[in-house]
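In the numbering used here, the protein residues as written are 253 to 476.
Just so it is clear, CB atoms sit at the ideal spot from N, CA and C, and this is done for glycine as well.
The model shown is predicted, which means the values in this text are computed figures rather than measured ones.
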DNA sequence: ACGGGGATCGGCT
DNA sequence: GCCGATCCCCGTA
């Protein structure tokens, strides 16, 4: 990497960062910098929304029914990209845990920082907090497509993730967006109150009746 | 700003 | 054939 690029973006996260539980990686990814470099220029943004997809007991995970041509990158080493197409758009994940575990973290939204005009043009959006709000939009804005499927994110070329400014932020957890299976699992993480987050910005609790304890409430009103 | 419904096509059964 | 880890548009507020 060029020194100027390091000053601007920091070093790419190493493989150790990704070689952990996807829930830990998903939370830790918030605030980090997603960086994309093409001939057209450098674009980057602060990650503000992620979702974890587990290797076991998670029917929504693409790897839950075994290895296929599409999801092969998920079975690769940690720190690789898994890029796939759905509903006519692309989504980008980072592979977590050791090779052949097949877990990943979906990057759902970023706050545009560098290369804003280029990203606006590619995404066809004028309002800043609309440019990368959603996994398909951020891939469009950063020119991420399946040619980057399996790309090594630890090399600091073309596409990588670097440490951000280290600012603390409040993290909210919720069920994942748009998944049919395992829709109750609280595996979505986002920065509280951030305008660039897609979907619901508050945690909608499951219906109260479904969560009520089977034991009747105490008469005296005391609890815990 | 938020929520509902339709478009649309590749991957998989 | 079926079904989406989505987006966009169009209601309503």
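With three or more beta-carbon pairs closer than 8 angstroms as the criterion, would you say the stretch 427-436 touches the stretch 410-418?
no
Checking 8 angstroms against the spacing of the C-beta atoms, do residue 298 and residue 396 come in under that value?
Their beta carbons are not under 8 angstroms apart, which means residue 298 does not touch residue 396 by this criterion.
Enumerate in chain order the residues of its own chain whose CB-to-CB distance from residue 279 is below 7 angstroms, with the five nearest sequence positions on each side excluded.
Taken in chain order, the residues that qualify are 423, 441.
Residue 365 to residue 295, Cα distance in whole Å?
7 angstroms
Which class does residue 332 belong to by DSSP, given the choice of helix, strand or coil?
Three-state DSSP puts residue 332 in a strand.
Keeping to the same chain, check which residues put their C-beta closer than 6 angstroms to that of residue 289; ignore five residues upstream and five downstream.
410
Going by other Cβ atoms of all chains shown within 10 Å of its Cβ, with 16 needed for buried, is residue 319 buried or exposed?
Around the beta carbon of residue 319, fewer than 16 other beta carbons sit within 10 angstroms, so the residue counts as exposed.
Helix, strand or coil: how does DSSP classify residue 426 here?
strand
CB-CB under 7 angstroms to residue 326, same chain, minus the five flanking residues each way: which ones, in chain order?
Closer than 7 angstroms at the Cβ level, and outside the excluded window around residue 326, lie 314, 315, 334, 347, 354, 356.
What residue does the alpha helix (DSSP H) around residue 278 start on, and which one ends it?
274-281
Taking 8 angstroms as the threshold, find out whether the stretch 328-344 comes into contact with the stretch 392-408 through three or more Cβ pairs.
yes
Please say whether residue 421 and residue 283 have beta carbons closer to each other than 8 angstroms?
yes
Over what stretch of residues does the alpha helix (DSSP H) that includes residue 392 continue unbroken?
387-393
DSSP on residue 261, reduced to helix/strand/coil?
helix
In this structure, how does DSSP classify residue 404 when only helix, strand and coil are distinguished?
strand
State the CB to CB distance for the pair residue 449 and residue 303, rounded to an integer number of angstroms; the pair is presumed to be in contact (CB under 8 angstroms).
About 12 angstroms separates the two Cβ atoms, so there is no contact after all.
Among 427, 332, 374, 369, the one whose alpha carbon lies nearest that of residue 200
As displayed, the chain neither begins before 253 nor continues past 476, which places residue 200 out of reach and without an answer.
Cα-Cα separation between residue 382 and residue 324, rounded to whole angstroms:
31 angstroms
In the structure shown, what three-state DSSP assignment does residue 431 receive?
Correct three-state label for residue 431: coil.
Closest residue to residue 306 among 453, 285, 428, 446 (Cα-Cα distance)
Ranked by how close their Cα comes to the Cα of residue 306, the residues 453, 285, 428, 446 have 428 in first place.
Separation of residue 453 from residue 311, as counted between CA atoms:
24 angstroms
Mapping the DSSP letters down to three states, classify residue 312 as helix, strand or coil.
coil
Just mark residue 359 as buried or exposed, buried being the case when its beta carbon has 16 or more other beta carbons within 10 Å.
By the neighbour-count rule (16 or more Cβ atoms within 10 Å), residue 359 is buried.
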